[in-house]
Amino acid sequence: MAWDFETDPEFQRKLDWADAFVREEVEPIDVLWGGLEFTPPDATLRAVIDPLKERVRQQGLWATHLGPDLGGQGHGQLKLSLLNEILGGSSWAPVIFGCQAPDTGNAEIIAHYGTEAQKETYLRPLLAGEIFSCYSMTEPQGGSDPALFETRAVKDGDEWVLNGWKFFSSNARTASFLIVMAVTDPEASVYQGMSMFLVPSDTPGVNIVRNVGLAGEPDDEGSHALIHYEDVRLPAEALLGGEGQAFAIAQTRLGGGRIHHAMRTIGLARRGLDAMCERALSREVQGGRLADKQFVQGYIADSYAELMQFRLFVLYTAWSIDKHNDYLKVRKDIAAVKVLMPGVLHDIAWRAIQIHGALGVSNEMPFHRMLIGASVMGLADGPTEVHKVTVARQVLRDHEPSDDLWPTQHLPKRRAAARAKFAAVLEHEVGNL
Ligand SMILES: Cc1cc2nc3c(=O)[nH]c(=O)nc-3n(C[C@H](O)[C@H](O)[C@H](O)COP(=O)(O)OP(=O)(O)OC[C@H]3O[C@@H](n4cnc5c(N)ncnc54)[C@H](O)[C@@H]3O)c2cc1C
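Note that my numbering has the sequence shown beginning at 1313, numbered continuously upward.
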């Protein structure tokens, strides 16, 4: 019997270490340097974070999901999931543990599709935490439908010339390189007509027009760039994977990215629940604690049940990825987890706000960021509606239409079939009456 919900004691010790480390050493950095996670650190910040990264390495927890050939431990997705629950409540922790989005997904596709030279130039410093990267796919006129992408890369002798616009390219302003998806064969389908390119950020023609902020952030100081690629000349070696392979590469990248977001979301939502419980136990109204009011108990019970349900599904999906070693084989469950994620975080954040009253909506508590985070989780790496379509299609694949006017579960039909099956017994019984 292989089902087991225990974490092996050795890894549990590492998780306990990580939990204390994040709370004591990393969360104070969130408070002082939040927002600078993806900016190359200055000398002051380096003096703070480099020793912490070293302690993570000594614990064998740096980039834990990657194989030893890539500088990780090869622990896989299930262990990463347990670790990410701890890291997800802190903005700096993923960077200090070498498993931050979007770099993890970008590293994964370079490891999978890159040449040795590309790995040396981009992957090695990325995994060492020396540089940051950007994934540049969404375009202003359409993000969820790749058939609408217009950015073109055209061959000119030994070079490619890239032209077009990209939107919401996260961390472009601080990334050392961008992975850009472009149409290379407009006659082919989206599955074969696009290619992926590795573009150093300082290549002439890579123009960041503005850095869009999320709601509540100042104008042009956000981290999601609108980029105009204008006659960007790239050598043939800039192509990542084969020509026409971008769609397949994107699927590899997004499969991992989506489940990693879900793992971190558990951690964030748990913070909301913890805060809710603390407040409920601390605050008095009408002669009793909030914790003793049934409406509040309902908020807490619903939050706990939804979080546990989501957590188990995420862990199961991570376990399945490890088992199959192939995101595509687990596509249905990754998409289903993606569908659930915004709702779980939103509902817990909303209840945490409500229980905290006016303080809850203020910028002195972290809940409004969780609410925006919930909306982000319903969009980044594809909108909820598109993932629902994926889930439904995959579920329907395991079913057949009825070859009869009446459904298989139609009770009169089942009764008739049962009577036919037991005809001899039934006749005997009638005969004995
Ligand atoms: C914080 C954040 C970070 C991001 N980072 C990156 C990044 O680093 N790189 C990158 O390339 N992109 C990034 N994105 C962009 C993200 O991938 C897109 O927002 C997403 O794919 C949706 O595209 P869109 O915004 O153009 O919305 P649209 O494609 O215009 O869709 C808008 C809405 O239409 C509805 N819809 C769309 N398709 C369907 C359908 N088939 N059926 C029913 N309804 C549908 C949905 O409600 C959807 O939300 C990021 C987004 C966010 C919010």
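Glycine residues also receive a C-beta, built at the ideal position from the N, C-alpha and C atoms.
Would you check if there are 3 or more beta carbon pairs closer than 8 angstroms linking the segment 1564-1572 to the segment 1632-1641? yes
Three-pair Cβ contact test at 8 angstroms for the segment 1468-1488 versus the segment 1345-1361: yes
Just to confirm, are Leu1652 and Phe1622 a CB contact at a threshold of 7 angstroms? yes
Sufficient close CB pairs (3 or more, under 8 angstroms) joining the segment 1673-1688 to the segment 1639-1658: yes
Since I believe Tyr1425 is in contact with Ile1341 (beta carbons under 8 angstroms), could you give me their beta-carbon distance rounded to a whole number of angstroms? Incorrect: roughly 34 angstroms between the Cβ atoms, too far for contact.
Does at least one heavy atom of ligand 1 sit under 6 angstroms from the Cβ of Tyr1541? no
Proximity test, Pro1775 beta-carbon vs ligand 1 heavy atom, cut-off 6 angstroms: Absent from the structure is residue 1775, since the part of the chain shown begins at 1313 and ends at 1745.
When you compare each of His1573, Ser1535 and Met1508 to Phe1444 by their alpha carbons, which one comes out closest? Ser1535
Could you tell me whether any non-hydrogen atom of ligand 1 is closer than 6 angstroms to the CB of Ala1487? no
Going along the chain, which residues of its own chain have a beta-carbon closer than 7 angstroms to the beta-carbon of Val1703, five neighbours each way excluded? Lys1644, Ala1647, Ala1648 and Val1651
Is the separation between the beta-carbon of Leu1510 and that of Leu1552 shorter than 7 angstroms? yes
Contact defined as beta carbons within less than 8 angstroms: I believe Leu1439 pairs with Leu1382. What is the distance between those atoms, to the nearest angstrom? 6 angstroms
His1540 in three-state terms, based on DSSP: strand
On a Cα-Cα basis, can you pick out the residue from Thr1450, Arg1464, Pro1380 and Pro1547 that is closest to Ala1255? This structure cannot settle anything about residue 1255, because the visible part of the chain is limited to 1313 through 1745.
To which residues of the same chain is Leu1602 closer than 6 angstroms at the C-beta, ignoring the five residues directly before and after it? Ala1592, Arg1595 and Val1608
State the Cα-Cα distance for the pair Gly1454 and Lys1478, rounded to the nearest angstrom. 10 angstroms
Roughly how many whole angstroms lie between the Cα atoms of Asn1675 and Ile1665? 11 angstroms
Assuming contact is defined by CB atoms lying nearer than 7 angstroms, are Ala1429 and Met1493 in contact in what I supplied? no
Just confirm the distance between the C-beta atoms of Ile1578 and Gln1389, as a whole number of angstroms; I'd bet it's less than 8 angstroms. So it is not a contact: roughly 13 angstroms between Cβ atoms.
Would you check if the distance between the CB atom of Gly1441 and the CB atom of Gly1410 is smaller than 7 angstroms? yes
For Met1588, count neighbouring Cβ atoms within 10 angstroms of its own Cβ and tell me buried if that reaches 16, exposed if not. buried
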